[in-house]
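Take a look at the structure below.
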Amino acid sequence: MTPITGTSRTIAAGQQGRCAGRAAVRRRCIRPRYGVTALEFLLAISITALIALATGSLLLAVAQSSDYDRYMREFVVRSQALSVRLSSYILPSLCILETGASTMVLWLDDSTASETVHVSELRWVDHDPVSKTVRLYYISFPDTWSEAERSLYDIELPAASDWWAVLDSYKTLGYIESTRLSDAVTSFTIERSVGTERDKRIATFVVQFDAKTNNQTAVFESSVREYKEPIS
153 MTPITGTSRT
163 IAAGQQGRCA
173 GRAAVRRRCI
183 RPRYGVTALE
193 FLLAISITAL
203 IALATGSLLL
213 AVAQSSDYDR
223 YMREFVVRSQ
233 ALSVRLSSYI
243 LPSLCILETG
253 ASTMVLWLDD
263 STASETVHVS
273 ELRWVDHDPV
283 SKTVRLYYIS
293 FPDTWSEAER
303 SLYDIELPAA
313 SDWWAVLDSY
323 KTLGYIESTR
333 LSDAVTSFTI
343 ERSVGTERDK
353 RIATFVVQFD
363 AKTNNQTAVF
373 ESSVREYKEP
383 IS
């Protein structure tokens with residue numbers, strides 16, 4: 153065995169010192185990390201905010217689309233229903249006797265074959281802005297009346313009659329009934345030209361509905377199929 157000399161001890165001690173120094177450096181460099189940096193924190197907040205914004209925008213778009221679809225469905229149903237109901241009276245009528253800004257009087261048929269207007273042959277269309285309804289009015293005599301009694305009250309009217317005064321008179325007597333053509337109508341306008349026979353038979357309706365349809369406006373026409381005016 154070779155004896156350990158002083159020089160060997162010195163070298164061994166130096167090597168041990170260098171190894172201990174390197175180990176200490178490694179221990180200082182490899183420190184555990186706790187938490188996140190300020191930059192990482194801000195980045196995480198920004199990403200979260202962007203995701204929340206995108207999600208909110210998507211939900212808002214879906215909600216708005218759903219509301220729009222609901223409004224349009226309500227609008228289409230109401231406008232089509234009113235158009236069909238008006239046409240069911242206008243199309244078979246003999247003529248449109250009178251139109252106002254939001255009113256119309258129809259001569260529905262000549263049941264007496266007299267070529268003149270009798271009160272039971274009239275139909276009145278009117279818009280009530282308070283109740284937001286469009287109604288059609290007609291004569292309704294008591295079911296218990298005889299034919300003679302009906303004939304007595306079913307008077308013949310001149311072509312130049314005040315049709316609305318006639319309606320009021322029969323309302324007072326209690327012989328008027330009505331049917332609702334539409335509700336939720338905020339504006340009801342009738343446009344009609346009387347230049348030619350073709351113009352006389354056509355009526356244009358401009359109808360605005362309330363918030364149930366997002367205040368949508370419908371425009372449609374209805375026409376008398378076979379036009380015939382009373383002779384007097």
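Numbering-wise, the sequence shown is residues 153 to 384 according to my numbering. The C-beta atom is built at its ideal place from N, Cα and C for all residues, glycine as well.
Query, Result
"Between the CA atoms of P310 and I383 - distance to the nearest angstrom", "9 Å"
"First through last residue of the beta strand (DSSP E) which encompasses S339", "337-343"
"Whether V358 touches T365 by CB criterion (8 Å)", "no"
"Secondary structure of A233, DSSP reduced to three states", "helix"
"Helix, strand or coil at L98 [DSSP, three-state]", "Outside the displayed span of the chain (153 to 384) sits residue 98, for which this structure offers no information."
"Euclidean distance between Cα positions of S254 and W276", "11 Å"
"Limits of the alpha helix (DSSP H) - the one that V318 falls within", "315-325"
"Residues bridged to L288 (per DSSP)", "V277, T331"
"Backbone CA spacing between D306 and H270 [nearest angstrom]", "6 Å"
"Close beta carbons around K380, own chain, < 7 Å, minus the five adjacent residues each side", "L246, C247"
"Cβ shell of Y241 (< 8 Å), same chain only, five flanking positions each side left out", "L258, L260, R275, V277, L288"
"Nearest residue (CA-CA) to F361, options Q232, A317, S263", "Q232"
"DSSP three-state assignment for T365, whether helix, strand or coil", "helix"
"Identity of the residue in T285, R225, V376 nearest S330 by Cα", "T285"
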